[in-house]
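Position one of the sequence shown corresponds to residue 292 (the numbering used here), numbered consecutively onward.
One structure is given below, encoded as structure tokens.
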Amino acid sequence: MAQLFGLARIGRDVEIRYTQDGTPVAGVALAFNYGKKGSDGNKPTQWVEASIWRQRAEALAPYLLKGTKVCVTVDDIHIETYQRQDGGSGVKLVGVISAIEFAGSPPQGQTQPQRQAAPPPQQRPAAPQAPAANLNDLDESDIPF
Numbered sequence: 292m293a294q295l296f297g298l299a300r301i302g303r304d305v306e307i308r309y310t311q312d313g314t315p316v317a318g319v320a321l322a323f324n325y326g327k328k329g330s331d332g333n334k335p336t337q338w339v340e341a342s343i344w345r346q347r348a349e350a351l352a353p354y355l356l357k358g359t360k361v362c363v364t365v366d367d368i369h370i371e372t373y374q375r376q377d378g379g380s381g382v383k384l385v386g387v388i389s390a391i392e393f394a395g396s397p398p399q400g401q402t403q404p405q406r407q408a409a410p411p412p413q414q415r416p417a418a419p420q421a422p423a424a425n426l427n428d429l430d431e432s433d434i435p436f
């Protein structure tokens, strides 16, 4: 089974649809940047059409807004052909999201939906952790390979 793991941005707000038996499915457009910057100053983008199923689709959809940075694992990745609007045929990468984590703050000008705060768990406080490195601050020359 083919699998894709990486850091991506959501390409459009997620829409939930329902199968004939009522199972929720969310369609997610993922934009993965790769390679070196071109003459226009941007890296090339690979688009992947992915889906999230069942309760996870309904729970995550309000938070998966256009521009949100996520770290995802996409399973069953494969190529599908489709009919373009101009009548020609095209190809696209398609898969099912098996794991997803938010990888940054919400996009500028957008706010995430408010959740009700749950009571804090009764635990001993953990030792303080060092702050995580910001991926935007990394330079390609810092990568050893």
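Glycine included, each C-beta is placed from N, C-alpha and C at the ideal position.
Residues near residue i in its chain [Cβ-Cβ closer than 6 Å; skip 5 each side]
i: residue 317; result: 305, 307, 343, 348 and 352
i: residue 372; result: 380 and 382
i: residue 388; result: 341, 343, 363 and 365
Burial state of residue i, where buried means 16 or more other Cβ atoms lie within 10 Å
i: residue 370; result: exposed
i: residue 299; result: buried
i: residue 293; result: exposed
i: residue 359; result: buried
i: residue 405; result: For residue 405, the pLDDT reaches just 48, beneath the cut-off of 50, and the residue's location in the model is therefore unreliable, leaving the point undetermined.
Separation of residue j from residue i, as counted between CA atoms
i: residue 365; j: residue 331; result: 29 Å
i: residue 320; j: residue 338; result: 7 Å
i: residue 309; j: residue 333; result: 36 Å
i: residue 315; j: residue 367; result: 19 Å
i: residue 311; j: residue 296; result: 30 Å
i: residue 350; j: residue 377; result: 36 Å
i: residue 409; j: residue 396; result: With a pLDDT of 48 at residue 409, under the threshold of 50, the modelled position of that residue is not reliable, and no figure is offered here.
Beta-carbon proximity list for residue i, same chain, < 7 Å, skipping 5 on both sides
i: residue 302; result: 320, 321, 322, 338 and 357
i: residue 345; result: 314 and 315
Same chain, Cβ closer than 8 Å to residue i, neighbours up to 5 away in sequence not counted
i: residue 335; result: 324, 325, 326 and 329
i: residue 361; result: 298, 299, 300, 301, 321, 355, 391, 392, 393 and 394
i: residue 375; result: 381
Beta-carbon proximity of residue i to residue j, cut-off 9 Å
i: residue 340; j: residue 382; result: no
Any C-beta of chain C under 9 Å from that of residue i
i: residue 379; result: Chain labels in this structure do not include chain C; a single protein chain is all it has.
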